[in-house]
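Engineer: Mind looking over this structure? Questions follow.
Protein chains: 2
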Amino acid sequence: MAELVGNLLVAQSGGPTSVINASVAGVITEAGKHECIEEIYGGLNGILGILNEDLIDLNDEKDRAIKGMVYTPAAALGTCRYKIDFKKKPEPAAQDMDRLFEVFKAHNIRFFFYAGGNDSQDTSHKIHEEAVKRGYDLRVIGVPKTIDNDLPHTDSCPGYGSAIKYCAVTAMEVGIDVGSMATDDGSCCIIEVMGRSAGWIAAGTVLAKRGEPANPPHLILLPEIQYNVDAILAKVKETVAAYKYCIMVVGEGIRDDKGEEIGVDKTRLDAFGHPVLSGAAECIAEFIQGKLNTKTRTVKLGYAQRAAAHFASAIDAKNAFACGEAAVKAAAEGKSGFMVKIVREYVPDEKGGQTVKWSTGLQPLADIANVEHFVPRDWVSEDGFLPNEKFVEYARPLIEGEVKPVMEGGLPKYSVLEKSRVEKTLPARA
Amino acid sequence: MAELVGNLLVAQSGGPTSVINASVAGVITEAGKHECIEEIYGGLNGILGILNEDLIDLNDEKDRAIKGMVYTPAAALGTCRYKIDFKKKPEPAAQDMDRLFEVFKAHNIRFFFYAGGNDSQDTSHKIHEEAVKRGYDLRVIGVPKTIDNDLPHTDSCPGYGSAIKYCAVTAMEVGIDVGSMATDDGSCCIIEVMGRSAGWIAAGTVLAKRGEPANPPHLILLPEIQYNVDAILAKVKETVAAYKYCIMVVGEGIRDDKGEEIGVDKTRLDAFGHPVLSGAAECIAEFIQGKLNTKTRTVKLGYAQRAAAHFASAIDAKNAFACGEAAVKAAAEGKSGFMVKIVREYVPDEKGGQTVKWSTGLQPLADIANVEHFVPRDWVSEDGFLPNEKFVEYARPLIEGEVKPVMEGGLPKYSVLEKSRVEKTLPARA
Numbered sequence: 004m005a006e007l008v009g010n011l012l013v014a015q016s017g018g019p020t021s022v023i024n025a026s027v028a029g030v031i032t033e034a035g036k037h038e039c040i041e042e043i044y045g046g047l048n049g050i051l052g053i054l055n056e057d058l059i060d061l062n063d064e065k066d067r068a069i070k071g072m073v074y075t076p077a078a079a080l081g082t083c084r085y086k087i088d089f090k091k092k093p094e095p096a097a098q099d100m101d102r103l104f105e106v107f108k109a110h111n112i113r114f115f116f117y118a119g120g121n122d123s124q125d126t127s128h129k130i131h132e133e134a135v136k137r138g139y140d141l142r143v144i145g146v147p148k149t150i151d152n153d154l155p156h157t158d159s160c161p162g163y164g165s166a167i168k169y170c171a172v173t174a175m176e177v178g179i180d181v182g183s184m185a186t187d188d189g190s191c192c193i194i195e196v197m198g199r200s201a202g203w204i205a206a207g208t209v210l211a212k213r214g215e216p217a218n219p220p221h222l223i224l225l226p227e228i229q230y231n232v233d234a235i236l237a238k239v240k241e242t243v244a245a246y247k248y249c250i251m252v253v254g255e256g257i258r259d260d261k262g263e264e265i266g267v268d269k270t271r272l273d274a275f276g277h278p279v280l281s282g283a284a285e286c287i288a289e290f291i292q293g294k295l296n297t298k299t300r301t302v303k304l305g306y307a308q309r310a311a312a313h314f315a316s317a318i319d320a321k322n323a324f325a326c327g328e329a330a331v332k333a334a335a336e337g338k339s340g341f342m343v344k345i346v347r348e349y350v351p352d353e354k355g356g357q358t359v360k361w362s363t364g365l366q367p368l369a370d371i372a373n374v375e376h377f378v379p380r381d382w383v384s385e386d387g388f389l390p391n392e393k394f395v396e397y398a399r400p401l402i403e404g405e406v407k408p409v410m411e412g413g414l415p416k417y418s419v420l421e422k423s424r425v426e427k428t429l430p431a432r433a
Numbered sequence: 004m005a006e007l008v009g010n011l012l013v014a015q016s017g018g019p020t021s022v023i024n025a026s027v028a029g030v031i032t033e034a035g036k037h038e039c040i041e042e043i044y045g046g047l048n049g050i051l052g053i054l055n056e057d058l059i060d061l062n063d064e065k066d067r068a069i070k071g072m073v074y075t076p077a078a079a080l081g082t083c084r085y086k087i088d089f090k091k092k093p094e095p096a097a098q099d100m101d102r103l104f105e106v107f108k109a110h111n112i113r114f115f116f117y118a119g120g121n122d123s124q125d126t127s128h129k130i131h132e133e134a135v136k137r138g139y140d141l142r143v144i145g146v147p148k149t150i151d152n153d154l155p156h157t158d159s160c161p162g163y164g165s166a167i168k169y170c171a172v173t174a175m176e177v178g179i180d181v182g183s184m185a186t187d188d189g190s191c192c193i194i195e196v197m198g199r200s201a202g203w204i205a206a207g208t209v210l211a212k213r214g215e216p217a218n219p220p221h222l223i224l225l226p227e228i229q230y231n232v233d234a235i236l237a238k239v240k241e242t243v244a245a246y247k248y249c250i251m252v253v254g255e256g257i258r259d260d261k262g263e264e265i266g267v268d269k270t271r272l273d274a275f276g277h278p279v280l281s282g283a284a285e286c287i288a289e290f291i292q293g294k295l296n297t298k299t300r301t302v303k304l305g306y307a308q309r310a311a312a313h314f315a316s317a318i319d320a321k322n323a324f325a326c327g328e329a330a331v332k333a334a335a336e337g338k339s340g341f342m343v344k345i346v347r348e349y350v351p352d353e354k355g356g357q358t359v360k361w362s363t364g365l366q367p368l369a370d371i372a373n374v375e376h377f378v379p380r381d382w383v384s385e386d387g388f389l390p391n392e393k394f395v396e397y398a399r400p401l402i403e404g405e406v407k408p409v410m411e412g413g414l415p416k417y418s419v420l421e422k423s424r425v426e427k428t429l430p431a432r433a
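Listed below in structure tokens is the structure:
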């Protein structure tokens with residue numbers, strides 16, 4: 004096969020993470036090592052920007068800015084929730100696909116990397132298939148990203164380790180605070196974290212316990228498990244009786260024993276048609292105050308948990324960077340239609356124990372798209388209220404080490420790209 | 004005057020902060036240098052524990068644990084919201100005061116330090132006056148503490164710098180995240196921070212802007228100022244039109260132009276009889292979504308903002324420690340009835356600019372008790388939506404430097420006291 008030579012395009016999609024820019028930095032850094040890659044372009048705001056021919060020249064960025072991306076949260080290229088939806092909207096989807104390949108041809112894009120979660124891997128898969136169908140020589144590699152950690156086949160998703168490191172330190176700190184105020188009256192605090200259907204983030208806060216039952220959080224509720232509200236209240240009562248306080252972490256999408264989401268407002272829908280959830284913690288707090296008469300406060304971390312790069316995991320950032328590098332290597336080797344996955348291997352350490360050796364692998368995009376990976380039931384206690392040792396063994400290595408952002412005047416100095424625009428050559432999108 | 008010799012008692016009160024333990028570490032460290040101080044005791048859970056004769060021997064703690072208190076959040080000695088309230092409950096208050104002096108006498112307490120906010124300084128003041136009245140030789144010094152920063156006469160309150168450093172980094176990170184997702188539809192995020200009547204914490208997030216109008220947060224609403232809801236909506240609309248997104252920070256106690264608290268639930272009261280506020284952000288979010296049709300999400304930091312020692316301000320921790328030291332020095336010099344205050348002085352630096360030199364002073368407790376210090380009106384823009392340069396000049400030095408907690412397995416290893424109990428000698432409290 005004659006070597007493919009052309010330009011590279013990288014874009015980001017969906018909700019950002021603390022380390023999604025590290026993956027882009029990995030792509031840019033590795034791309035510079037391959038002669039088959041000529042220009043390195045970024046697509047602004049994901050697929051949406053590419054459709055609008057909004058491309059920037061990443062070779063024009065300062066080296067300092069690219070290096071700073073490793074510890075800069077959010078999507079430095081901009082992101083979107085736009086989806087090319089062949090199922091629900093076949094006609095606009097077909098038009099989008101035509102336009103996409105016009106843009107690819109106009110700018111001789113031959114290497115395309117898309118960092119995102121389930122929906123974005125689905126998009127990458129469709130683009131790969133279209134390229135084959137159209138006979139357009141294109142290498143498409145998906146780069147995993149999501150704090151939700153719900154992509155299958157990869158050990159974990161870049162962004163997840165940082166999210167749980169931040170959520171765990173928050174549960175730890177809020178726990179010490181509430182514990183230090185606990186008098187005989189007892190008090191409770193509920194921390195609501197993201198996780199619409201998978202409970203990986205909520206489960207990750209178990210690391211704050213360090214194996215001590217008395218340490219917070221005392222109860223962790225996952226969307227995968229259905230809970231009887233009276234059983235929740237009984238657990239809270241038991242915990243307050245034992246420790247005078249109770250810290251509970253809930254995933255936003257937790258459900259009651261009828262399968263109904265707790266505290267959901269079904270009248271509001273997001274861009275993908277999911278109901279907007281915001282009330283799980285508030286809803287349970289009302290029950291505890293009303294039925295147990297125990298003072299209860301809530302914390303809702305919201306977007307902070309996916310953007311808290313000031314306390315990101317060094318391992319997570321390293322794996323995110325490695326995923327970007329591996330994507331480019333695979334494409335340069337002629338591969339297409341894969342997602343990079345993170346691979347964990349346990350190897351003996353110097354102290355006679357074992358340590359984790361991280362590497363990457365490739366998985367066909369066809370295996371990934373729209374498959375959700377959940378917390379295994381046997382990684383959670385029988386009563387469903389706490390992840391167990393199996394989960395801890397899995398999650399602990401993901402939060403190791405601290406990213407060190409450059410600080411200025413007491414706050415991180417995050418990287419900002421100059422975004423030098425690539426000249427448009429096509430008529431505006433219809 | 005013959006030198007007073009006896010035992011020291013230190014206790015913590017009210018809502019904890021990230022650095023209140025640094026003040027206790029300052030007390031303990033300085034106490035070791037004075038021969039007039041024999042035993043160093045800690046009172047568990049503030050006044051409430053002292054009334055129950057729950058004292059611990061701080062000389063029994065490991066040196067490592069005391070040193071670790073500098074970066075350990077929450078109240079290591081435990082705290083309470085219990086108030087000796089002569090106004091509302093004169094009889095129980097008089098009984099409490101009798102009991103307190105019984106405990107003092109039983110353990111030869113001659114040096115008493117109470118770290119807390121307005122209510123606690125009031126308690127310290129009353130104890131000082133009672134000691135004089137009763138002819139019991141006691142040195143009482145208040146140590147300032149509160150993330151609310153609402154104590155008068157002190158430049159700032161230990162705990163405040165760390166709270167705004169954390170809230171500012173959160174506003175910065177959430178802002179970059181939301182900004183990176185902003186498409187033509189626009190979106191908004193409202194971050195709710197503590198501050199029932201004083202807006203110091205909300206105001207402090209202005210530091211995330213670094214002087215750039217385009218940087219988040221774009222709007223900051225303070226409880227000191229009344230806001231017309233339509234004017235808020237107009238500002239949001241204007242901001243989204245300019246930047247495609249809007250980050251708003253609100254103090255929990257913000258009020259509308261009728262003086263009504265926005266989103267307050269008057270049916271719930273806390274231990275001091277204040278209404279429980281939890282809804283300011285949610286309430287405004289509903290308005291924005293309903294009237295502007297702009298996607299709006301909320302973040303409620305809650306207890307996390309006063310406990311986030313993983314990102315505490317080094318200057319704040321240093322000042323907190325210095326307040327503890329200064330309290331002991333003052334008492335050893337024979338002073339009583341004062342609160343330590345933080346003093347700021349601008350001195351020329353090497354680069355021809357100026358730098359802040361921090362020291363401490365003393366203020367009579369009579370001047371402090373129950374006086375609330377608010378954000379000056381002329382430190383906020385005329386329209387009330389952003390703190391101005393005067394505020395920034397004040398707040399910027401308070402967030403400088405980072406506390407470095409010892410890390411273990413990716414999370415801070417906070418200090419835990421062994422709490423070796425001092426033997427009780429009195430009958431149990433009635």
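Those protein sequences? They're chains L and F, same order as listed.
Take my numbering: the last position of the first sequence gets the number 433, and nothing is skipped along the way.
Take my numbering: the last position of the second sequence gets the number 433, and nothing is skipped along the way.
Backbone N, C-alpha and C define an ideal beta-carbon position, used for all residues, glycine too.
Note that this is a predicted model, so its numbers are computed, not measured.
Measuring CB to CB, does V146/L end up less than 7 Å from F116/L?
Structural biologist: As a first step, residue 146/L is located in the first sequence; it is residue number 143 there, counting from the start. As a first step, residue 116/L is located in the first sequence; it is residue number 113 there, counting from the start. Their beta carbons are under 7 Å apart, which means V146/L touches F116/L by this criterion.
Engineer: Taking only beta-carbon positions, decide if L280/L is within less than 7 Å of chain F.
Structural biologist: Along the first sequence, one-based indexing puts residue 280/L at 277. Unreliable positioning characterises L280/L in this predicted model, as indicated by a pLDDT of 48, which lies under 50. The coordinate reading is nonetheless provided below. For L280/L, the answer is no, since every Cβ of chain F falls outside 7 Å of its Cβ.
Engineer: Give the secondary structure of I257/L by DSSP, where H, G and I count as helix, E and B as strand, and everything else as coil.
Structural biologist: On the first sequence, residue 257/L is found 254 positions in, with the first residue counted as 1. Coil.
Engineer: Using 7 Å as the limit for Cβ to Cβ distance, is M251/F near chain L?
Structural biologist: Sequence index remark: in the second sequence, residue 251/F carries index 248 (1-based). It does not; no Cβ of chain L falls within 7 Å.
Engineer: At a cut of 8 Å, does the stretch 85–100 of chain L reach the stretch 61–70 of chain L through at least three beta carbon pairs?
Structural biologist: As far as the Cβ criterion goes, the stretch 85–100 of chain L does not touch the stretch 61–70 of chain L, which means the pair count is below three.
Engineer: Rounded to the nearest angstrom, how far is the Cβ of V172/F from that of P415/L, given a contact under 8 Å?
Structural biologist: In the second sequence, counting from the first residue as 1, residue 172/F sits at position 169. In the first sequence, counting from the first residue as 1, residue 415/L sits at position 412. That pair is a contact at about 7 Å.
Engineer: Report the rounded CA-to-CA distance for N55/L versus N296/L, giving the unit in angstroms.
Structural biologist: Working through the first sequence from its first residue, we reach residue 55/L at position 52. Working through the first sequence from its first residue, we reach residue 296/L at position 293. Going from the Cα of N55/L to the Cα of N296/L covers about 56 Å.
Engineer: Measuring CA to CA, which of A433/L, S418/L, K427/L, A431/L is closest to M175/F?
Structural biologist: Locating residue 175/F in the second sequence gives position 172, where the first residue counts as 1. Measuring from the Cα of M175/F, the nearest candidate turns out to be S418/L.
Engineer: Specify the secondary structure class of C83/L as computed by DSSP and reduced to three states.
Structural biologist: Here the question's residue 83/L lines up with position 80 in the first sequence. Three-state DSSP puts C83/L in coil, outside helix and strand.
Engineer: Work out the CA separation of V106/F and Q308/L for me, nearest whole Å.
Structural biologist: Along the first sequence, one-based indexing puts residue 308/L at 305. Along the second sequence, one-based indexing puts residue 106/F at 103. Straight-line Cα distance between these residues: approximately 46 Å.
Engineer: Cβ closer than 8 Å: which chain L residues qualify as neighbours of P161/F?
Structural biologist: If you number the second sequence from 1, residue 161/F lands on position 158. Within 8 Å Cβ-Cβ: nothing; P161/F doesn't reach chain L, min ~16 Å.
Engineer: Please name the residues in the stretch 68–89 of chain L whose beta-carbon is closer than 9 Å to at least one beta-carbon of chain F, in chain order.
Structural biologist: Within the stretch 68–89 of chain L, the qualifying residues are T75, P76, A77, A78, A79, L80, G81, T82, C83, R84, Y85.
Engineer: If we ignore side chains and look at the alpha-carbon of each, how far apart do K298/L and C192/F end up?
Structural biologist: Sequence index remark: in the first sequence, residue 298/L carries index 295 (1-based). Sequence index remark: in the second sequence, residue 192/F carries index 189 (1-based). Approximately 28 Å, taken between the alpha carbons.
Engineer: Using 8 Å for Cβ pairs, my map puts E255/F next to V196/F. What's the rounded Cβ distance?
Structural biologist: If you number the second sequence from 1, residue 255/F lands on position 252. If you number the second sequence from 1, residue 196/F lands on position 193. The Cβ separation is near 7 Å, so the contact holds.
Engineer: Leaving aside the five residues before and after A79/F along the sequence, list all residues of the same chain whose C-beta is less than 6 Å from its C-beta, in chain order.
Structural biologist: Along the second sequence, read from residue 1 onward, the residue named residue 79/F stands at position 76. Here the set comprises N24, M72, L420.
Engineer: Does D99/F come within less than 7 Å of chain L when only Cβ atoms are used?
Structural biologist: Taking the first residue of the second sequence as position 1, residue 99/F is located at position 96. Taking Cβ atoms only, chain L never reaches closer than 7 Å to D99/F, which makes this a no.
Engineer: Give the single residue among G18/F, V232/F, G29/F, L368/F whose Cα lies nearest to the Cα of E289/F.
Structural biologist: Locating residue 289/F in the second sequence gives position 286, where the first residue counts as 1. Cα-wise, what sits closest to E289/F is V232/F.
Engineer: Q124/F and T82/F - do their beta-carbons sit closer together than 7 Å?
Structural biologist: Along the second sequence, one-based indexing puts residue 82/F at 79. Along the second sequence, one-based indexing puts residue 124/F at 121. No, Cβ-Cβ distance for T82/F and Q124/F is not below 7 Å.
Engineer: Who are the Cβ neighbours of D259/F in its own chain at under 8 Å, not counting the five residues just before and after it?
Structural biologist: Start at 1 with the first residue of the second sequence, and residue 259/F comes out as number 256. Taken in chain order, the residues that qualify are Q229, Y230, N231, V232, I265.
Engineer: Could you work out which residues of chain F lie near H313/L, taking near to mean beta carbons separated by less than 8 Å?
Structural biologist: Numbered from 1 along the first sequence, position 310 holds the residue referred to as residue 313/L. Chain F residues near H313/L: V172, E176, F314.
Engineer: Compute the Euclidean distance between the alpha carbons of P3/F and E38/F, then round it to the nearest angstrom.
Structural biologist: The structure shown does not extend to residue 3/F, since chain F is modelled only from 4 through 433, so no value can be given for it.
Engineer: DSSP has L58/L in a bridge; who is on the other side?
Structural biologist: Here residue 58/L corresponds to residue number 55 of the first sequence, with the count starting at 1. In the DSSP output, where bridge partners are listed per residue, L58/L has G46/L.
Engineer: Please report whether the beta-carbon of V302/F lies at a distance below 7 Å from any beta-carbon of chain L.
Structural biologist: One-based indexing of the second sequence puts residue 302/F at position 299. It does; some Cβ of chain L falls within 7 Å.
Engineer: Does the beta-carbon of V409/L have 16 or more other beta-carbons within 10 angstroms, so that it is buried, or is it exposed?
Structural biologist: For the purposes of this step, residue 409/L is identified with residue 406 of the first sequence, where counting begins at 1. Classification for V409/L: exposed.
Engineer: Starting from the N-terminal side, write out each stretch of the alpha helix (DSSP H) that is 4 residues or longer and does not extend beyond the stretch 209–250 of chain F.
Structural biologist: As far as the stretch 209–250 of chain F is concerned, its whole alpha helix (DSSP H) runs of at least 4 residues are 232–246.
Engineer: Could you tell me whether the Cβ of S183/L comes closer than 7 Å to any Cβ of chain F?
Structural biologist: The sequence position of residue 183/L within the first sequence is 180, counting from 1. By this cut-off, S183/L is an interface position.
Engineer: Below 7 Å between beta carbons: does that hold for I69/L and I40/L?
Structural biologist: For the purposes of this step, residue 69/L is taken as residue 66 along the first sequence, with counting starting at 1. For the purposes of this step, residue 40/L is taken as residue 37 along the first sequence, with counting starting at 1. No, they are not a contact pair.
Engineer: Which residue marks the beginning of the beta strand (DSSP E) containing Y169/L, and which one marks its end?
Structural biologist: Here residue 169/L is taken as the residue at index 166 of the first sequence, counted from 1. Element bounds for Y169/L: not the beta strand (DSSP E) but the alpha helix (DSSP H), 163–184.
Engineer: Under 9 Å between beta-carbons, which chain L residues line up against K148/F? List them in chain order, please.
Structural biologist: Sequence index remark: in the second sequence, residue 148/F carries index 145 (1-based). Simply none; closest approach about 13 Å.
Engineer: I'd like to know whether the C-beta of I402/F is nearer than 7 Å to at least one C-beta of chain L.
Structural biologist: Position 399 of the second sequence, counting from 1, holds the residue named residue 402/F. By this cut-off, I402/F is an interface position.
Engineer: Using the C-alpha atoms, what's the distance from F104/F back to G49/F?
Structural biologist: In the second sequence, counting from the first residue as 1, residue 49/F sits at position 46. In the second sequence, counting from the first residue as 1, residue 104/F sits at position 101. Cα-Cα distance, rounded: 15 Å.
Engineer: My parser needs the beta strand (DSSP E) runs of 3 or more residues fully inside the stretch 315–399 of chain L; what are they?
Structural biologist: Correct list: 341–351, 357–367.
Engineer: Check whether the Cβ of A307/F lies closer than 7 Å to any Cβ atom in chain L.
Structural biologist: Taking the first residue of the second sequence as 1, we reach residue 307/F at position 304. True, the Cβ-Cβ gap to chain L drops below 7 Å.
Engineer: In terms of residue numbering, what span does the beta strand (DSSP E) encompassing G71/L cover?
Structural biologist: In the first sequence, the residue the question calls residue 71/L occupies position 68. No beta strand (DSSP E) contains G71/L, which is instead part of the alpha helix (DSSP H) from 66–71.
Engineer: Against chain F, with Cβ distances strictly below 7 Å, would L414/L count as a contact?
Structural biologist: To locate residue 414/L, count along the first sequence from 1; it is residue 411. For L414/L, the answer is yes, since a Cβ of chain F falls inside 7 Å of its Cβ.
Engineer: What span of residues does the beta strand (DSSP E) with A118/L cover, start to end?
Structural biologist: In the first sequence, counting from the first residue as 1, residue 118/L sits at position 115. Note, A118/L: beta strand (DSSP E), 112–119.
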